[in-house]
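Colleague:
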Amino acid sequence: QKEVEQDPGPLSVPEGAIVSLNCTYSNSAFQYFMWYRQYSRKGPELLMYTYSSGNKEDGRFTAQVDKSSKYISLFIRDSQPSDSATYLCAMILSGSARQLTFGSGTQLTVLP
Amino acid sequence: ETGVTQSPTHLIKTRGQQVTLRCSSQSGHNTVSWYQQALGQGPQFIFQYYREEENGRGNFPPRFSGLQFPNYSSELNVNALELDDSALYLCASSHSGRTNNEQFFGPGTRLTVL
């Protein structure tokens, strides 16, 4: 069993839809949670960072963490074709010198 | 502020050869991490360098080694290449003094082993 599980998709939605991306994890020592966006042939780009349970909002993006259920989500409102990319969840163990553990990524396509 | 750069962009090697990949960290960053991303997978942590020393290592064999230089740039060396080493190699830089754990990734080097 992988430490971080992520539905690989692919996920295809119409423009303007609300997108929900999810990851589960098995190690309760994960303390820091991120979502990265990766366009084809590019490096990952940090979208959201949080370290506590609850919601964090930034523009059209909302990150949600539920540590009791070991579950994190990323919601994208009013999705745009430019949001088409692979979305990676990532986590850091407490005291692990910033070693990121990634999910396998969800490929999202937003259709115009 | 310059971003993370990596060279070369693409590389083709044959099994058994050795390869060196290079990374220049973002201005002001003193920590460099290397990740391997196989096709269709998330990146996997190889190791991290801070103050020119290895500061954490993932589940990779010793034939994966690295260096960090006084200007914080870094190299990843892979000896005795295997077919499974074909992947995108990503470098990420960060600053140890910041508490937000943010790491900035370069565009990667795509290595193909034939």
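Protein sequences appear in the order of chains A and B.
For the first sequence, position 66 matches number 66 in the working numbering, and the numbering has no gaps at all.
In the working numbering, each residue carries its 1-based index in the second sequence increased by 1000.
Glycine included, every Cβ here is placed at the ideal spot set by N, Cα and C.
Keep in mind that this is a model prediction, so the values were computed, not measured.
In the DSSP assignment, the beta strand (DSSP E) including residue 1120 of chain B goes from what residue to what residue?
Modeller: Absent from the structure is residue 1120 of chain B, since the part of chain B shown begins at 1001 and ends at 1114.
Colleague: Under 8 Å Cβ-Cβ, which residues of chain A neighbour residue 1066 of chain B?
Modeller: Under the 8 Å cutoff, chain A gives no residues; its nearest Cβ is about 14 Å from residue 1066 of chain B.
Colleague: I want to see whether chain A comes within less than 8 Å of residue 1102 of chain B, judged by CB atoms only; does it?
Modeller: With 8 Å as the cut-off, residue 1102 of chain B counts as an interface residue toward chain A.
Colleague: Residue range of the beta strand (DSSP E) that residue 56 of chain A falls in?
Modeller: Residues 54 to 58.
Colleague: Would you report the Cα separation of residue 1026 of chain B and residue 2 of chain A, rounded to the nearest angstrom?
Modeller: Those two C-alpha atoms are separated by around 31 Å.
Colleague: Against residue 1107 of chain B, what residues of chain A qualify as contacts under a CB-to-CB distance less than 8 Å, listed in chain order?
Modeller: The answer, in chain order, is 41, 42 and 43.
Colleague: Please confirm if residue 1060 of chain B has its CB atom under 8 Å from at least one CB of chain A.
Modeller: Taking Cβ atoms only, chain A never reaches closer than 8 Å to residue 1060 of chain B, which makes this a no.
Colleague: At 8 Å on the CB atoms, spell out the chain B contacts of residue 9 of chain A, in chain order.
Modeller: By Cβ distance, chain B contributes nothing, its closest Cβ being about 11 Å from residue 9 of chain A, past 8 Å.
Colleague: Taking the alpha carbon of residue 6 of chain A as the point to measure from, which residue in A/100, A/89, A/98 and A/109 has its own alpha carbon closest?
Modeller: Residue A/89 is the option with its Cα nearest to residue 6 of chain A.
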